[in-house]
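Letter by letter, the sequence shown follows residues 807 to 1074 in the working numbering.
These notes concern the structure reproduced below.
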Amino acid sequence: IFIYDLQGEILDVNRSACKRLGYSREELLRMNMVDLESKDVAFIHERIEEIKNRGQIIYVATLVRKDGETVSLEMNSSIVEFDDKKAILSIARDITERMKLEEELKRNRNHFEENYKELANSIDGIVWEVDAKTFRFTFVSKKAEQILGYPVECWSKEPKFWEKHLHPEDKWAVSYRKKATTEKKNYKLEYRMIAADGQTLWLKDIVNVVIEDGKAVKLRGIMVDITERKKAEIEYQKVDRALRTLSMCNQAVMLAKNESELCLDRFC
C-alpha cells in the first residue's frame, strides 16, 4: 500500500511495499513516486491528474527496486483524506510474473507469426487470412502477386477486393462464404478471378473457419491455381461431345444404309 500527496510525495507505506521494493519505510517516506517509476516523470503526473479527475483508476506501473530490478504492479488508486488533506491511496498487486509470462507469450507469438509467414510465402498457392466479421484480408502471401498480378497490399487496403475481382458468373461465392462462416463450417470452392492483365484464372479455395469461444473469428485458406486443369477438363468435354456427335452420325448413316437395302430388296 502506498499513500502519497497530489504531487507524488510519499506519506505512508506498509511493510509489503518496503519488502517488494527493498527500501526501509524511512527511505520511502523521503521519496517521491517519480523516484520509483521506471518510465518517466510525466507518466506519474499524468496518472495523478487522471486520479484527481476521475476519483479512482487502475493502471500498471513499473517501479524500480533499490537493487535496480524492476517490479510490475497493478495499482488500484483513489482519492482519500489523509491527515485532513487530499491524498492518493494506491493498493498495489505484484503482477511481475504475469507480465513476464505475457511478454514471453508475445515473443513466442511473434516468432510463430514470422515462421508462419515464411512458410506461407514458400507455398505454391495464395495463403490468406480474413477477419470473420469484416471479411477484410489481414494476411496474403507474396504468391498472390505472382499468380494474379495485384500488389499484396491491395488485398488488405481495398475493401471487398476479393469480391470485386471475382468473375461475374461466380459472385455466388460471396454469399456461400458468408453462409459457411455463419454455420462455422470449413469448405472448398472452385471459382474464377480476373487477373490484373485481364486473364480469367480458375482457383480452388480450401478454407478453414477458426473458432474461438464458440464464435468464428478468422478464415484461413489457400487458393491454388487450377486454370490448366480446368482448361484440360473443358478440352476433354469438347472432344467427348465431338466423339458422341460423330458416333450418333455413324449410327444414323448405318441405319439409313440398312433401310435403303431393305427398299431395294422390295423392288427386286
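Glycine residues also receive a C-beta, built at the ideal position from the N, C-alpha and C atoms.
For clarity, every value in this text was computed on a predicted model and none was experimentally measured.
Exercise. Relative to the alpha-carbon of Ala-938, which residue among Gly-1027, Asp-846 and Leu-812 has its alpha-carbon at the smallest distance?
Worked result: Gly-1027
Problem set entry | Delimiting residues of the alpha helix (DSSP H) encompassing Leu-827 | 821-827
For this session: Give me whichever residues DSSP pairs with Ala-867 in a beta bridge.
Result: Leu-879
For this session: Could you pull out every residue in the same chain whose Cβ sits closer than 6 Å to the Cβ of Ser-844, ignoring the five residues on either side in sequence?
Result: Thr-868, Val-870 and Thr-876
For this session: Tell me Met-999's beta-bridge partners as DSSP assigns them.
Result: Leu-972 and Leu-1007
Exercise. Arg-983 bridges to which residues according to DSSP?
Worked result: In DSSP, Arg-983 forms no bridge with anything.
Exercise. Tell me the DSSP bridge mates of Ser-896?
Worked result: Phe-808 and Ser-883
Problem set entry | Backbone secondary structure at Cys-1074 - three-state DSSP | With a pLDDT of 44 at Cys-1074, under the threshold of 50, the modelled position of that residue is not reliable, and the figure given next carries that caveat. Cys-1074 falls in the coil class under three-state DSSP.
Exercise. Ser-883 and Ser-896 look like a contact to me (Cβ under 8 Å); what is the Cβ gap, rounded to whole Å?
Worked result: 4 Å
Problem set entry | Secondary structure of Cys-1069, DSSP reduced to three states | The pLDDT assigned to Cys-1069 is 48, lower than 50, so where the model puts this residue is not dependable; a value taken from the coordinates is nonetheless given after this. Helix at Cys-1069.
Exercise. For Glu-1004, does the count of other Cβ atoms within 10 angstroms reach 16, so buried, or fall short, so exposed?
Worked result: Inspection of the sequence shows that residue 1004 is occupied by Gly rather than by Glu. When all chains shown are included, Gly-1004 counts as exposed.
Exercise. Can you list, in chain order, the residues of its chain whose CB lies under 6 Å from that of Gly-861, leaving out five sequence neighbours each side?
Worked result: Ile-885
Problem set entry | Exposure of Asp-846, with buried meaning 16 or more beta-carbon neighbours within 10 Å | exposed
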